[in-house]
Amino acid sequence: MATRDLSTNDPMLDPITGEVVVIAPGHSFKSVTEKISRIVLTAHTPVGWFFGLLVAGGVVMLLLTCLTWLFLKGVGIWGLDIPVGWGFAIVNFVWWIGIGHAGTLISAILLLFKQTWRNSINRFAEAMTIFAVVCAGMFPLIHVGRPWLGYWLFPYPNSMSVWPQFRSPLLWDVFAVSTYATISVVFWYIGMIPDLGTLRDRAKTPVGQYFFGLLALGWRGSVRHWMRYETASLLLAGLATPLVLSVHTVISFDFAVAIIPGWHTTIFPPYFVAGAVYSGFAMVITLAIPIRKFYHLEDLITIRHLDNMGKVMLTTGLIVAYGYGMELFMSWYSASHWEYFAFWNRLFGPMGWSYWVLITCNIALPQFLWSRYVRTHVGLMFIMSIIVNTGMWFERFVIVVTSLYRDYLPSSWGTYRATRWDYGTFIGTLGLFTFLFFLFIRFLPMIPMSELRVLLPQSKVKHLPEAAHEAGD
Amino acid sequence: MPFPEGVYGLLAEFDSATSLTAAAAASYKDGWRRLDCYTPYPCEEAAEAIGFHRNYVPLLTLVGGLMGCVAMFLLETWINIWAYPLNIAGRPYYSWPAFVVPAYEWTILWAGLTAAFGMLAMCGLPAPYHPLFNAPNFRTGATSDKFFLCLEARDPKFSLVESRAFLEAMHPVSIVEVEY
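Sequence lines, in order, name chains F and B.
Taking the numbering used here, I'd label the letters of the first sequence as residues 1 to 473.
Taking the numbering used here, I'd label the letters of the second sequence as residues 1 to 180.
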């Protein structure tokens, strides 16, 4: 593939080995280190950063307002009513957690497959995971109505002598999501320790030296430590891979185990996981494009990264399209009157517009990703990522709302209309996510320096027996 | 235990992973065992050269994972059979297939936590102070672009003069005597 796509004089090809290089040529250990650590250690914070933080912080205020009103009045301020008892809160929960999954995929699965191009983007993809899980985890908590009793979800000895019900997928979800959040944070932090050591050694201010010194845990780069560290990273990647698949599978069980037509289907687990990766990669692109522009990281996060991510999006998008097709097929093939009606209603009912938005954003428009021109065009990829994110939000909306609002009995049919508090809370979490991300890119190394060093050609040890012979004599 | 005093070791700086690995291999061959290499990125060849071939992080992770799995499965069984039996549509109390999912999640949770914290513990981290940080070139380069070999004073072969001469023969960029 690579030899056909790229000409021989391409700067992205190694002139000697002909291998595709991921980082632009001309970088040394020092230049990579300086370029990335300068973003964190500079005394001159860009004005644009303050502006961005301010705007995002304003949106966080909106979130806090919505939550305060919610806690004062209860979930009645949302558009929830029977028959639609799962509205925006669950839509947003599934959407956010799906976005998080691409971070784990990039950091874990691509590490196991030795896809070294991921090294430039894995750190902030992992950060994206954590911030997305923060936003996601909030929704079930505030949806329960009395979030201050949220700890009742966990099995602990209590004076009521009550224990949770382990046969319910909703409780499985508690364990899946809490494990996912914990492992993501641990994986992210462990991966950052060598870079925190670099920052500790390069920090000029006492505050920086103290802060990074504390976080680096005394990392000094001993090769014995490195070997254990590499083993632990691989193991964490190997553990995170089945974890990320299980998390969205368990979330799909929340729906699939119920007997609601439109939910009760076996295609859900793979189709949810593929959709999660799809939207997650879209979000990585949404974040990577402005960041590489703003911090001039074009030679570390290259067009090749966008190209590869575009291909992953196209693939997962096709899996999702297969999921939609199979859902329709099964509703016909099941010969169940209720299934048949649920899908007719989903396509042509009063809320059918949401289904067609979903098809347009998730299936029709992403077909442009077949074109190499689109995949390597920064502006078009940004637009494409926004389209896919929108489409994936509507997918969850379609699954949650259009399955619920007209169920078995026409007498119990209703409709769903989100209130301003629903929209405010959703937009607020977008602000929270952006706010946390702004803090991250300013105060922590957003590209793993130690992993980029490995990508440089001079990192390889050459001709070991001869060199040892020379030195020994 | 009194705080150690005197010389920690001799720290030789090299300009590439290749020369570091060669020097490390030569030292190991010469009989040195209390020695360590410091690199800004994982360098497997250097670890092999000083005789560090395997570590016990995988074993620890396996034990942690199994403990998590067993702990959760027993907790679920105990809750559903003894502590709080619930009859849900006549299903058996011991409905083990439903218990698999949380047990699976806890396997991963415990395995991941033992892998991460076990790795740190085996490395002796956190260790905010280390004598090597006293070496000025170590502070500025060990975590960005320089390669170090340290012959430690704990090794019975160690002698300030002879060990320095031994290192000199391998043409390092510099040799620094590191104090505790």
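Backbone N, C-alpha and C fix where the C-beta goes; we use that ideal spot for every residue, glycine too.
| Check | Outcome |
| --- | --- |
| Complete alpha helix (DSSP H) runs within the stretch 175-259 of chain F (minimum length 4 residues, chain order) | 206-216 and 223-256 |
| Chain-ordered chain F contacts of Phe99 (chain B) [CB-CB under 7 Å] | Phe166 |
| Buried versus exposed call for Trp421 (chain F) [16 or more other C-beta atoms within 10 Å across all chains shown] | buried |
| Any C-beta of chain B under 7 Å from that of Trp117 (chain F) | no |
| Chain-ordered neighbours of Ile183 (chain F) on chain B, where CB pairs are closer than 7 Å | Ile108, Leu109 and Gly112 |
| Pick from B:Leu125, B:Leu109, B:Glu162 and B:Glu13 that is closest to Thr241 (chain F), judged by C-alpha positions | B:Leu109 |
| Own chain partners of Ile319 (chain F) with C-beta closer than 6 Å, once the 5 adjacent residues on each side are dropped | Ala274 |
| Residue interval of the alpha helix (DSSP H) (run including Leu151 (chain B)) | Premise fails: Leu151 (chain B) lies in the beta strand (DSSP E), Phe147 to Glu152, not in any alpha helix (DSSP H). |
| Distance between Leu300 (chain F) and Glu145 (chain B) (C-alpha atoms, nearest Å) | The question names Glu, yet the displayed sequence has Asp at residue 145 (chain B). Spanning the two alpha carbons is a distance of roughly 18 Å. |
| Spatial distance of Ala125 (chain F) from Ser184 (chain F) (CA atoms) | 11 Å |
| Per-residue contacts from Leu86 (chain B) into chain F (C-beta, under 7 Å) | Gln165 |
| Minimum Cβ-Cβ distance from Arg164 (chain B) to chain F less than 7 Å | no |
| Neighbourhood of Tyr405 (chain F) by C-beta distance below 8 Å, restricted to the same chain and skipping five residues each side | Pro83, Val84, Met351, Trp413, Gly414, Thr415 and Tyr416 |
| The stretch 131-143 of chain F touching the stretch 87-98 of chain F, judged by at least three CB pairs closer than 8 Å | yes |
| Where Ala364 (chain F) falls, given that 16 or more other Cβ within 10 Å makes a residue buried | exposed |
| Phe440 (chain F): first and last residue of the uninterrupted beta strand (DSSP E) it sits in | Here Phe440 (chain F) belongs to no beta strand (DSSP E); instead the alpha helix (DSSP H) covers Arg420 to Phe443. |
| Alpha-carbon spacing of Ser337 (chain F) relative to His248 (chain F), whole angstroms | Residue identity differs from the one stated: residue 337 (chain F) is His in this sequence, not Ser. Looking at the two C-alpha atoms, the distance is approximately 29 Å. |
| Amino acids of chain B, ordered along the chain, whose beta-carbon sits closer than 8 Å to that of Lys30 (chain F) | Ser144 and Asp145 |
| Test: Ser95 (chain B) CB closer than 7 Å to a CB of chain F | yes |
| Contact with chain B by Gly221 (chain F), beta-carbon distance below 7 Å | yes |
| Backbone CA spacing between Leu167 (chain B) and Arg220 (chain F) [nearest angstrom] | 21 Å |
| As assigned by DSSP and simplified to three states, the class of Val7 (chain B) | strand |
| Per-residue burial, Met160 (chain F) [other beta carbons within 10 Å of its own, 16 or more giving buried] | exposed |
| Alpha-carbon to alpha-carbon, Met122 (chain B) and Trp356 (chain F) | 56 Å |
| Same chain only: Cβ atoms within 7 Å of Thr107 (chain B), ignoring 5 sequence neighbours per side | Gly65, Gly68 and Cys69 |
| Nearest-angstrom Cα separation, counted from Leu41 (chain F) out to Lys204 (chain F) | 8 Å |
| Segment limits, alpha helix (DSSP H) that includes Glu168 (chain B) | Leu160 to Glu168 |
| Against chain F: residues of the stretch 6-28 of chain B by CB proximity under 8 Å | Ser16, Ala17, Thr18, Ser19, Thr21, Ala22, Ala23, Ala25 and Ala26 |
| Contact list for the stretch 122-133 of chain F against chain B, Cβ threshold 9 Å | none |
| Contact set for Val59 (chain F): own chain, Cβ-Cβ below 8 Å, skip 5 residues either direction | Ile427, Gly428, Leu430, Gly431, Leu432, Thr434 and Phe435 |
| Completely contained alpha helix (DSSP H) runs for the stretch 21-68 of chain B, where each covers 4 or more residues | 44-49 |
| C-alpha distance - Ile81 (chain B) paired with Thr425 (chain F), whole-angstrom precision | 41 Å |
| Sequence-distant residues of the same chain with beta carbon closer than 7 Å to Thr104 (chain F), five excluded per side | Thr129, Ser184, Ala240 and Val244 |
| CB contact below 7 Å: Phe52 (chain B) versus chain F | yes |
| Unbroken alpha helix (DSSP H) run spanning Ser450 (chain F), endpoints | Met449 to Leu455 |
| Segments of 3+ residues assigned as beta strand (DSSP E) that fall wholly inside the stretch 15-98 of chain F | none |
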